[in-house]
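Trainee: For the sequence shown, the UniProt record's numbering assigns the number 124 to the initial residue and increments by one for each residue that follows. C-beta: ideal position from N, C-alpha, C; glycine also.
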Amino acid sequence: RGSRSKTPRFPRWVRINNLRANYDLLMNKGVFSEFTPVDNLEDLYPNGGDLPNKVYVDPYVSDLLAFAPAAPLMKHPLKKTGAIVFQDRASCVPAQLLDPPRDAYVVDATAAPGNKTTHLASLLGPDSRGKIFAFERDYRRAFTLKETVEAAGAQDLVEIRPAQDFLRSAPWNPDEENGLNKVTHILLDPSCTGSGIVERDEYKFVPPGEPRERGSKGLDGSFYKGLNTLPSAVEYDDSRVWRQRGTVEDRTFSLADFQVRMIEHAMRFPSATRITYSTCSIHAQENERVVMAALNTSVARRRGWVTEPRHLNKMRDWFRRGILEECEGNEQVADSCIRFNPWVDGGIGFFVAVFIRNEQERARLP
Ligand code: SAM
124 RGSRSKTPRF PRWVRINNLR ANYDLLMNKG VFSEFTPVDN LEDLYPNGGD
174 LPNKVYVDPY VSDLLAFAPA APLMKHPLKK TGAIVFQDRA SCVPAQLLDP
224 PRDAYVVDAT AAPGNKTTHL ASLLGPDSRG KIFAFERDYR RAFTLKETVE
274 AAGAQDLVEI RPAQDFLRSA PWNPDEENGL NKVTHILLDP SCTGSGIVER
324 DEYKFVPPGE PRERGSKGLD GSFYKGLNTL PSAVEYDDSR VWRQRGTVED
374 RTFSLADFQV RMIEHAMRFP SATRITYSTC SIHAQENERV VMAALNTSVA
424 RRRGWVTEPR HLNKMRDWFR RGILEECEGN EQVADSCIRF NPWVDGGIGF
474 FVAVFIRNEQ ERARLP
């Protein structure tokens with residue numbers, strides 16, 4: 124159990140699903156109007172005790188609320204009807220940053236179990252004429268994806284592509300009547316080491332290099348099999364520490380290669396203007412270095428893909444950005460990357476970068 128005797132205090136993050144409810148309905152007129160809003164996350168559990176009647180409205184992610192861990196929400200009717208979804212804060216950032224307009228054609232390239240797919244559907248909203256193509260290479264995981272999509276009432280917006288490899292999709296094919304050539308927004312959340320995953324109920328510290336339990340469940344609901352290469356909980360505050368002390372596994376390098384290929388492929392989509400790339404890893408090899416490698420590909424240069432801090436919309440005030448040295452000293456790229464450190468930033472360790480393309484997309488920027 125490491126040096127910590129107490130379970131760390133994570134809030135219970137709750138995302139409102141716009142296909143079944145909305146913020147106004149729940150916060151101003153409905154059940155959550157009885158909760159008292161607090162300004163700081165820590166006010167949900169002062170001095171280690173829970174205050175289950177308080178709510179925190181996240182200033183970074185729309186429709187996201189936090190409650191004390193003991194707030195009685197697990198069996199709440201809103202959960203059963205799909206009006207609210209438990210989803211870690213950081214894992215809500217990719218869809219929020221992808222920010223698809225209401226009628227957009229969107230790809231979720233690596234979709235199961237479907238947390239981000241259903242978040243995208245919620246952002247498109249009930250009146251959308253848009254569409255989400257949800258690729259999932261693993262046939263069994265595609266079943267879970269289907270369940271998640273149905274539970275959220277998103278089946279009319281989501282076209283599941285079970286057992287389909289995103290890397291084999293061919294959106295430029297003129298015979299393709301599937302709409303992929305109209306896709307403007309692409310969410311990439313590919314397999315990674317999962318080194319940023321920490322668990323809510325049980326604080327497990329796995330020594331560096333030791334395998335984690337197979338099939339452990341992360342806070343964002345996805346399963347992972349990874350190696351914990353983190354030194355210890357107390358060192359998470361400084362993002363540089365783990366880079367120096369964390370061991371680098373061969374697997375991290377082969378994953379990074381795959382991650383770059385996924386971004387490259389997304390950059391080839393003919394109508395694409397915006398891509399988010401995310402991992403639940405804290406390793407620069409899977410994060411900043413992947414972003415740098417993707418920006419240096421010929422497809423990125425030829426088609427004008429860039430990263431710019433000003434398209435981070437609500438996350439522009441988020442304090443933790445990419446590690447500058449890992450971006451070869453390029454401040455613009457480092458500032459365009461969002462990092463979440465495990466525990467201290469309210470949940471799992473996470474990384475997100477946004478790539479944008481054409482003038483039209485740039486014109487939308489503030
Ligand atoms: N975005 C998901 C969510 O929020 O619920 C989690 C995605 S998980 C990190 C990565 C998923 O991508 C796995 O289910 C894996 O099977 C799938 N995957 C990996 N490579 C793929 C590929 N080339 N094409 C489609 N799916 C892929």
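1) Could you give the first and the last residue of the continuous beta strand (DSSP E) run that contains residue 509?
2) With H, G and I counted as helix, E and B as strand and the rest as coil, what does DSSP make of H199?
3) Within the same chain, show all residues whose beta-carbon is closer than 7 Å to that of G205, passing over the 5 residues directly before and after it, in chain order.
4) Can you tell me where the alpha helix (DSSP H) with D458 in it begins and where it stops?
5) Indicate, with yes or no, if the ligand SAM has a heavy atom lying under 6 Å from the CB of E259.
6) Let me know if G349 comes out buried or exposed under the rule of 16 or more other beta-carbons within 10 Å of its beta-carbon.
7) Give the DSSP-derived three-state secondary structure of I479 in the structure shown.
8) Go to P217, then tell me how far its alpha helix (DSSP H) extends in each direction, as first and last residue.
9) Can you give the Cα-Cα distance for D226 and A416, rounded to whole angstroms?
10) If I follow the unbroken alpha helix (DSSP H) through V414, where does it start and stop?
11) Compare the C-alpha of V429 against each of G445, I398 and I405 and name the closest.
12) Within 6 Å: the Cβ of R284 and any heavy atom of the ligand SAM?
13) When DSSP labels each residue in this structure, what does S377 get in the three-state scheme?
14) Report yes if the C-beta distance between T402 and F478 is below 7 Å; otherwise report no.
15) Can you have a look at Y400 and say buried or exposed, based on whether 16 or more other CB atoms are within 10 angstroms of its CB?
Mentor: To lay it out plainly:
1) No answer is possible for residue 509: the residues shown for the chain start at 124 and end at 489.
2) It is coil, neither helix nor strand.
3) Taking G205 as the centre and dropping the five residues before and after it, the same chain places the C-beta of N140, R143, A274, A275 and G276 closer than 7 Å to its C-beta, in chain order.
4) According to the DSSP assignment, D458 belongs to the alpha helix (DSSP H) that extends over E454 to D458.
5) Yes, since a heavy atom of the ligand SAM falls inside the 6 Å radius drawn around the Cβ of E259.
6) Because G349 sits at a pLDDT of 35, beneath the cut-off of 50, its placement in the model cannot be relied upon, and the point is left open.
7) DSSP places I479 in the strand class (E or B) of the three-state scheme.
8) Per DSSP, P217 belongs to the alpha helix (DSSP H) from V216 to L221.
9) Going from the Cα of D226 to the Cα of A416 covers about 32 Å.
10) V414 -> alpha helix (DSSP H) spans E411 to L418.
11) Nearest of G445, I398 and I405 to V429, Cα basis: I398.
12) No, Cβ of R284 sits at least 6 Å from all heavy atoms of the ligand SAM.
13) In the structure shown, S377 sits in a helix (DSSP, three-state: H, G or I).
14) No, these two residues do not count as a Cβ contact at 7 Å.
15) Burial is judged here by how many other beta carbons sit within 10 angstroms of a residue's own beta carbon; Y400 has at least 16 and is buried.
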